[in-house]
Amino acid sequence: MIALLLMSALAQAPSDCSKSFAAGLREYERKNLEQALIAFRGAVQCDPKLVQAHLAIADIYAERGNEGEVLAALLQALKIEPNNVLALRAASTLYLKNGLHTKAFQLLETLVVAAPDSADAHADLAAVHAASGNREGAEKEFRRALKLQPDHFPALAGLGNLLARAGDDAVAMPLLRKAAHLQPQAYEGHFLLGSALNRLGQFEEARSELEQASKHGGENEPQVFYQLARAWGGLGKVAERKAALARFSELTKKEKEDIELQRRATTWIDEARRLLQSGDLEAAAARLELAREAKPGDATVLFRLASLNFDLQRFDIAREYVQAAISISPATWLYHYLLGLVERSSHRLADAKASLEVAAKLQPTEAPVFNALGEVLLEQGEQQAAITAFDMAVKVAPDDATFRRNLDSARSPKPRR
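Shown next as structure tokens:
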């Protein structure tokens with residue numbers, strides 16, 4: 018995506034904004050993803066309607082596996098260009114991956130109009146229709162996808178499964194066999210074919226396909242082992258059926274436990290919020306620790322923990338948590354701001370300055386960031402730089418008496434000793 022965006026972005030962006038975008042591209046090419054994100058954020062701050070910068074941010078977060086940030090960037094792009102094909106495709110894919118079919122449907126209906134020759138778009142729209150029980154709409158879209166691309170795996174597998182469930186085996190089975198043959202390393206094709214063969218009572222071939230499914234990505238999918246147990250049962254293999262059912266039960270139990278753990282994590286976060294409002298910081302921190310164990314990759318939970326530990330003056334722990342949050346979401350200004358405050362409180366002024374400068378670059382409309390930067394610069398003896406920072410704080414928030422007082426104090430000559 019990055020290479021495709023380069024020329025159009027530089028041509029469309031105002032000169033100052035294109036500099037930030039170009040800097041981001043250079044850092045991206047060097048694999049300095051954190052610096053690239055910061056530069057792209059700078060481009061967005063300069064020109065909020067620079068769609069290519071939002072897409073570039075999404076692209077980098079996709080590489081890092083941070084789906085929440087990817088989706089946020091894509092939705093920003095779609096606010097500016099509702100028919101942007103790249104953003105529509107990527108956002109709808111994320112929604113489908115997470116089971117949000119209603120949200121995906123809205124985007125896919127737009128996408129098939131914006132990109133009518135996209136087999137992927139029609140197949141995804143068909144999958145949404147199928148999930149909602151609209152067989153007619155699903156079949157229509159699957160067939161459109163196959164007309165555009167006869168060897169399209171998702172459309173072959175999807176239409177085959179749809180027809181097999183409707184009892185149209187004469188048409189369904191060739192489609193499912195073709196899908197499994199096209200992508201022999203994908204468990205979905207083997208699973209759907211094996212399930213259909215089970216329904217037809219062809220248990221030996223079903224067993225073979227389902228064992229292939231378990232070897233090629235379906236080893237943690239409960240339904241694979243449920244269908245495999247059916248095949249073994251049809252073959253009269255009692256021990257093998259029992260083993261497959263045991264694996265099915267094990268995986269089903271784990272799924273339920275994971276869902277329950279996420280539900281409890283949400284409860285702990287809500288409890289922490291109430292405890293914080295009542296002033297019980299220790300208890301709030303304890304609840305968030307439980308939530309962090311359940312959601313180790315949630316940057317928001319890590320940031321909240323860092324904030325609480327900062328308030329409790331546990332600066333080393335606060336630093337650890339906010340740095341972890343930054344590693345997940347490096348272009349969030351608030352995380353860098355908090356790290357700057359932590360470092361200043363720990364008397365690590367050079368590190369505080371660096372973090373606050375990043376926060377100011379990412380969010381140049383936040384006066385407290387410039388004020389904190391000015392205070393650090395004064396402590397380092399950089400009076401002129403401090404004046405510049407305080408001046409920015411006053412320009413952003415002219416009615417704040419504290420910022421103006423800090424600026425006046427920095428400008429006043431210091432008495433000689």
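Under my numbering, read the sequence shown as residues 18 to 434, first letter to last.
We put the beta carbon where it would ideally sit given N, CA and C, even for glycine.
- Between Ala189 and Leu199, the CB-CB gap reaches or exceeds 7 Å.
- For Ser149, no alpha helix (DSSP H) segment is defined, and its DSSP state is neither H nor E.
- Asn115 is classed as exposed because its beta carbon has fewer than 16 other beta carbons within 10 Å across all chains shown.
- The residue from Lys66, Glu158 and Ala196 with its alpha-carbon nearest to that of His169 is Ala196.
- In the DSSP annotation of this structure, the continuous segment of the alpha helix (DSSP H) that includes Leu50 starts and ends at Leu50 to Cys63.
- Counting C-beta pairs with one atom in each stretch, the stretch 216-233 and the stretch 242-252 have three or more that are closer than 8 Å, which means they touch.
- Note that the C-beta distance between Ser37 and Ala60 is below 7 Å.
- Membership of Gln244 in the alpha helix (DSSP H) is indicated by the continuous run Pro239 to Gly251.
- For Ala335, the enclosing alpha helix (DSSP H) covers residues Phe332 to Ile345.
- Here the alpha carbon of Gly177 sits roughly 33 Å from the alpha carbon of Asp76.
- For Arg47, no alpha helix (DSSP H) segment is defined, and its DSSP state is neither H nor E.
- By the Cβ test, the stretch 254-267 is not in contact with the stretch 290-304, since fewer than three Cβ pairs between them sit closer than 8 Å.
- Under the 10 Å beta carbon count, Asn237 is surrounded by fewer than 16 other beta carbons and is classified as exposed.
- Using a Cβ-Cβ distance cut-off of 8 Å, the stretch 103-111 and the stretch 137-156 are in contact, since at least three pairs of beta carbons, one from each stretch, lie closer than that value.
- For Thr269, the enclosing alpha helix (DSSP H) begins and ends at Val255 to Gln294.
- Ranked by how close their Cα comes to the Cα of Ala335, the residues Ala341, Ala342, Asn326 and Ile343 have Asn326 in first place.
- In the structure shown, Ser429 falls within a coil segment according to DSSP collapsed to helix, strand and coil.
- With respect to Leu379, Leu390 sits apart: the two C-beta atoms are not nearer than 7 Å.
- The continuous alpha helix (DSSP H) containing Asp76 extends over residues Val68 to Arg81.
- Secondary structure at Thr349: coil, using DSSP grouped into helix, strand and coil.
- Glu396: member of the alpha helix (DSSP H) spanning Ala384 to Glu396, first to last residue.
- Ranked by how close their Cα comes to the Cα of Lys254, the residues Gln240, Arg224 and Gly235 have Arg224 in first place.
- In the structure shown, Gln93 falls within a helical segment according to DSSP collapsed to helix, strand and coil.
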